[in-house]
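**Q** Be aware that the sequence shown starts at 120, since it is given in this note's numbering, and climbs by one per residue. Quick one: structure below, then a few questions.
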Amino acid sequence: MSVTAFAPETEARLALARQVADAVLFEGYVLYPYRASAAKNRLRWQFGVLVPPGWGAATEEHDFQHTECLMEPRADATLAVELRFLRARRRTVQRARPDGGFDTVPELRLEDRILVPWDEGTEERVEAVVRVGDLLGDGVTVPFGRAAAEDTEPVLDETGRPVGRVVRRYEETAGALRLSARELDGPYRVLRLTAVVENTSTWTPTDGAAADRDAALPRSLVAAHLLMGLSAGSFLSMTDPPEWAKGAVAACRNLHTWPVLAGEPGRADVVLSSPIILEDHPAIAPESPGALYDATEIDEILALRTAALTDEEKREARGTDERAAAVIDLADSMPPEVLERLHGAVRGLREVTGEAPAPAADGFPDEFGVPRPDTPWWDPASDAGFDPAQDRVVVDGHPLGAGSRVVLRPGLRRTDAQDLFLAGRAARVEAVLHDVDGGVHLAVTVEDDPGADIRREQGRFLYFQPDEVTPLEAGS
């Protein structure tokens, strides 16, 4: 067995899977509005928390994870395993006294941030490379431990004058990684791989802290998960195994974790076993601009809401955690074209049609149709041929433009219930508009609306598509 650094080829295969593993590692680490005082950020660490056995026995928390999956290793194959977890580092804030001493305080207000007590998560890794043959029988156990420690960091104000300090305290943590394998009966050489991660801390709570989760967290393995890679051979999918392996897959025991194929699509030599259930070959969406975003529709909402926080709220978020500060700075500096990317991409349609955008010479847009950040999403020069006041569109053989009279016939596609109240009402077309996708829209005012003149003056129109109006020949 070796516990040295992975070989370059192993590191390269794990690197892609590690991007997703990072998302698992920091899932729920700090939530919007990214302030320690927010109620949702007071109960921390929800996924993959392996607590000390002396505390977990009296609670519903677990002190171990148990992973089982199937693999088909080739002769002389090795298994590279990387256990990853966060270690909670408790931070307290102290203000400097005139006599040179320090007092612990609930906050320390600076010009750019407000420092408050907080549990910071520091990444820890345990790495091992094991010959698959050594896993048979009793297998291999890799014990690990981290000593208690304390460090201080001075806090300076905007003039460089010391005004306090931050004290960070690590508690002692200990654990074990147990690896074993068993060859299964059948026509193929298939091994059931078992990987168990345990918290082996001997810490037990005092009488006053028997139910205190905060006391157990600094001694826990937080967001614990495994990356495992075969040097030669492959793993079997646990969600879509071949027909002959379905019975063996169903017999695998996975407790408090779930293994999926990871890494490069089309390959099956890397597994990610995480406390969050994922599909095979999970990937970070290319639209995602940074940490704590997941490139779904929520990203755009989060970015806009984060940018709209007050200056005081942003100061507290920046003082809460470095990662929270990075999210605030990202939202404040995000260019419009990057914000536009947060709408995401409908990749499922490309899978059905088989169509894919051709990549540009410099690699953008990529295979998902994502343009490079400095690519304008709209060319203003393309508007040169349009004039809303003069353009016309033909409806039922009648050209309609500014000044034309129509009857409104809202279609079923409209989701605004207010449009139903306008069905059958006469209206005047104020402009013919073309959007960037090539669609045509009619800006109208309702004829008997007493506020029509004000709406016209302010440019506040109602909008309908050509198939939602009927021309009134008089005045058309």
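We put the beta carbon where it would ideally sit given N, CA and C, even for glycine. All values derive from a computational prediction rather than experimental measurement.
1. Roughly how many angstroms separate the alpha carbons of V249 and V316, rounded to a whole number?
2. At the level of alpha carbons, what is the spacing between R209 and R232?
3. Is DSSP giving R528 helix, strand or coil here?
4. G438 to A444, Cα distance in whole Å?
5. Per DSSP, which residues does E317 bridge with? Please list them.
6. Out of E179, L340 and G219, point me to the one whose CA is closest to E242's CA.
7. Flag this pair as touching only if the stretch 281 to 291 and the stretch 198 to 218 have three or more C-beta atom pairs under 8 Å; answer yes or no.
8. Whose C-beta lies closer than 7 Å to the C-beta of R193 among residues of the same chain, with five residues either side of it excluded?
9. What runs of the beta strand (DSSP E), each 3 residues or longer, lie entirely inside the stretch 157 to 216?
10. Reducing DSSP to helix, strand and coil, say where L234 ends up.
11. Can you tell me which of V261, L275, D510 and G240 puts its alpha carbon nearest to the alpha carbon of R228?
12. Among residues of its own chain, excluding the 5 on either side of L539, which ones have a beta-carbon nearer than 7 Å to its beta-carbon?
13. Please name the residue or residues paired with P590 in a DSSP beta bridge.
14. Please report the distance separating the alpha-carbon of I403 from that of Q138.
15. Three or more beta-carbon pairs under 8 Å between the stretch 377 to 386 and the stretch 421 to 433, yes or no?
16. Would you mind stating whether V548 and G522 have Cβ atoms separated by less than 8 Å?
17. Excluding the 5 residues flanking W322 on each side, which residues of the same chain have their C-beta closer than 7 Å to its C-beta?
18. Could you give the distance in angstroms between the alpha-carbon of W164 and the alpha-carbon of E146?
19. May I have the straight-line CA-CA distance separating V489 from S156, to the nearest angstrom?
20. Mapping the DSSP letters down to three states, classify P281 as helix, strand or coil.
21. Evaluate W237 with the Cβ neighbour count: other Cβ atoms within 10 Å of its Cβ, from every protein chain shown; 16 or more gives buried, anything less gives exposed.
22. Assign W363 to one of two classes, buried (16 or more other C-beta atoms within 10 Å of its C-beta) or exposed (fewer than that).
23. Is the stretch 300 to 320 touching the stretch 178 to 185, taking contact as three or more C-beta pairs under 8 Å?
24. Taking one C-beta from the stretch 512 to 520 and one from the stretch 583 to 590 each time, how about it: are there three or more such pairs within less than 8 Å?
25. Once you ignore the five residues that flank I447 on each side, which residues in its own chain have a CB closer than 7 Å to its CB?
26. Among L541, G294, V235 and P507, which residue has its Cα nearest to the Cα of F263?
27. State buried or exposed for Y148, treating a residue as buried only when at least 16 other CB atoms are found within 10 Å of its CB.
28. Compute the Euclidean distance between the alpha carbons of R524 and D567, then round it to the nearest angstrom.
29. With DSSP as the reference, identify every bridge partner of V559, one or two as the case may be.
30. To the nearest angstrom, report how far apart V379 and E130 are at their CA atoms.
31. What are the partner residues of R244, as DSSP defines its beta bridges?
32. When burial is assigned at 16 or more other CB atoms within 10 Å of the CB, is T197 buried or exposed?
33. For A427 and V143, what's the separation of their Cα atoms in angstroms?
34. Which of the three DSSP states is assigned to F580 in this structure?
35. Looking at the unbroken alpha helix (DSSP H) that takes in E431, where does it start and where does it end?
36. Taking P131 as part of the alpha helix (DSSP H), name the residues at either end of that continuous run.
**A** Taking the coordinates as given:
1. 16 Å
2. 19 Å
3. coil
4. 7 Å
5. F183 and A295
6. L340
7. yes
8. A351 and G352
9. 183 to 192 and 197 to 215
10. strand
11. L275
12. P529
13. V525
14. 7 Å
15. no
16. yes
17. P171, G173 and R338
18. 9 Å
19. Since pLDDT at V489 reaches only 45, below the 50 mark, its modelled position is unreliable, and no value is offered.
20. strand
21. buried
22. exposed
23. yes
24. yes
25. Y153, T425, K433, A436 and R437
26. G294
27. buried
28. 12 Å
29. H553
30. 19 Å
31. R203
32. buried
33. 27 Å
34. coil
35. D430 to T439
36. Checking the sequence shown, residue 131 turns out to be Ala, not Pro. First-last of the alpha helix (DSSP H) with A131: P127 to L144.
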